[in-house]
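The structure appears right after this line, and notes come after that.
Numbering (this note's numbering), first residue to last: 168 to 704.
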């Protein structure tokens with residue numbers, strides 16, 4: 168059987184799972200690689216779901232703190248590469264800036280969590296975070312940026328002081344060196360200046376000054392530069408030497424900081440992972456609150472029982488049409504569970520609902536139901552046509568046979584098998600006979616099998632658990648004055664809820680009644696009814 172993760176990947180599940188939106192890079196990574204809880208991991212799943220539930224309560228009660236945490240999670244930056252570089256001996260200004268920024272955001276997040284009951288759910292080890300904050304605190308600036316401040320090293324402070332003095336001397340000496348040219352030109356100039364070629368008298372004067380030389384010229388101007396005197400040359404050499412010393416000292420300090428930070432890197436990684444988990448739980452709790460979900464009840468007997476289950480995907484689509492989804496209630500036991508009813512009765516929707524809710528539970532998600540009891544499954548298999556089978560030229564019936572063959576090899580497992588319109592892709596007599604034979608085999612298995620069908624003989628020959636859609640609500644139909652041939656009006660009056668069938672009901676009579684309401688010729692209906700009665704003698 169396909170692995171569990173692949174079984175979960177359906178359009179319905181993908182839609183619901185896509186609603187979960189972690190905010191931090193660490194939460195997003197965990198969300199992409201979600202855990203699937205298998206049969207035998209009930210205790211682990213219960214613990215996980217209880218956490219989701221408690222976080223959802225936190226979001227409802229502590230709205231301000233919840234908003235602050237979510238805002239800070241968005242600001243959290245990914246520093247994995249920076250930490251990896253540090254571990255191999257590479258440290259840069261950008262890495263220190265990113266790590267300091269991340270730790271600052273983490274510190275604000277953990278303070279909120281530590282002052283709430285979330286601290287009891289998620290054990291935060293803040294030792295490494297606090298140590299790194301202490302190591303880097305000398306570089307924090309008021310505007311939130313970071314730099315290697317003088318406080319990191321007395322030597323650094325001394326070198327920067329010498330550099331500032333040297334730069335001041337350079338400025339003063341440069342101004343002094345430029346005075347004679349300024350006097351000559353009667354204007355303020357820097358060490359490099361430009362003269363228009365229209366100023367011929369100035370150009371002539373500059374030719375006679377040895378300490379001024381031409382740098383470049385064009386059609387309109389000449390660019391000059393003033394030679395440095397001996398003092399300037401010495402000061403520039405001194406500045407270059409100080410800058411080299413400064414870079415050496417900065418490199419020494421960065422390596423010193425790296426060595427101080429490295430022992431705390433693993434602890435910081437563990438904390439970031441924990442914050443990522445909190446982010447995921449918050450994102451799941453947000454969806455659970457929005458969809459009005461409840462916690463499923465895990466049981467140790469073979470059953471799936473749903474009370475007023477809702478399908479979020481279909482709910483949204485129906486809401487666009489200003490219609491409402493009819494919640495479904497159904498109890499499925501080991502063996503074959505049959506769903507019958509008219510084609511407009513939403514039988515396939517019930518299969519999709521059972522599949523979605525079951526896979527949501529296995530993915531650690533609360534479910535949109537009033538109540539749900541189930542035992543975890545070994546696998547989920549939905550027998551239906553898909554695009555791949557069409558591309559390979561395999562007919563629907565051929566594909567269905569292949570899928571049934573696969574299911575039969577796992578009948579001793581505790582799976583959930585959903586078959587939509589079993590064996591309907593062939594002649595009715597052959598299809599019905601094949602369906603009965605297959606379901607007889609599956610009825611004695613540990614699987615919970617849920618099948619939709621129009622084959623009436625199945626319920627008569629196999630002791631299945633049969634359910635039926637209620638179908639057309641005649642009272643609603645007549646009350647709306649919709650007694651006409653409007654199919655849309657008719658569909659709006661169908662009750663899609665399920666009822667248990669204890670005795671075989673006259674399903675054919677419902678079909679004839681709907682045909683009558685849609686305006687079919689009365690003689691045809693009368694003849695059809697007679698043929699049905701004759702066939703059941």
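Glycine included, each C-beta is placed from N, C-alpha and C at the ideal position.
In this text, all values refer to a predicted model and were calculated from it rather than measured experimentally.
Positions of the alpha helix (DSSP H) runs, each at least 4 residues long and wholly inside the segment 357-430, are given as 367-374, 397-428 in order along the chain.
In the DSSP assignment, residue 476 forms a beta bridge with 495. The way I'd put it, the segment 220-229 doesn't touch the segment 478-492; fewer than three beta-carbon pairs between them come closer than 8 Å.
Rounded to the nearest whole angstrom, the CA to CA distance from residue 358 to residue 300 is 46 Å. C-alpha of residue 430 to C-alpha of residue 407: approximately 36 Å in a straight line.
According to the DSSP secondary-structure assignment, residue 500 is paired through a beta bridge with 470. The Cβ-Cβ distance between residue 619 and residue 662 does not fall below 9 Å.
Annotation for residue 516: the continuous alpha helix (DSSP H) segment containing it runs 514-529. Taken through DSSP and simplified to helix, strand or coil, residue 193 comes out as helix.
Secondary structure in the segment 179-259: the alpha helix (DSSP H) runs of 4 residues or longer, each lying completely within the stretch, are 192-199, 209-228, 230-242, 247-254 in chain order. Spanning the alpha carbons of residue 696 and residue 666 requires a straight line of approximately 25 Å. In the structure shown, the three-state DSSP call for residue 537 is coil. Residue range 661-667 is occupied by the beta strand (DSSP E) that includes residue 666.
Non-local beta-carbon contacts of residue 460 in its own chain, meaning distances under 6 Å to residues more than five positions away in sequence, involve 533, 534, 535 in chain order. Note on residue 343: under 16 other CB atoms within 10 angstroms of its CB, so exposed under the neighbour-count rule. Residue 583 places its beta carbon less than 9 Å from that of residue 546.
DSSP lists no beta-bridge partner residue for residue 457.
With fewer than three CB-CB distances shorter than 8 Å, the segment 504-523 does not count as touching the segment 437-448. Under a 10 Å Cβ-count criterion, residue 548 is classified as buried, with 16 or more other Cβ atoms of the shown protein chains found around its own Cβ.
With fewer than 16 other Cβ atoms from the protein chains shown falling within 10 Å of its own Cβ, residue 371 counts as exposed.
Annotation for residue 337: the continuous alpha helix (DSSP H) segment containing it runs 321-352. Between residue 538 and residue 580 the beta-carbon gap is near 26 Å, outside 8 Å, which marks them as no contact. A straight-line Cα-Cα distance of about 23 Å links residue 318 and residue 256.
Excluding the 5 residues flanking it on each side, residue 329 has same chain C-beta neighbours closer than 7 Å at 409, in chain order. Per DSSP, reduced to three states, the secondary structure at residue 283 is coil, with no helix or strand assignment. Only buried fits residue 450, as 16 or more other CB atoms lie within 10 angstroms of its CB.
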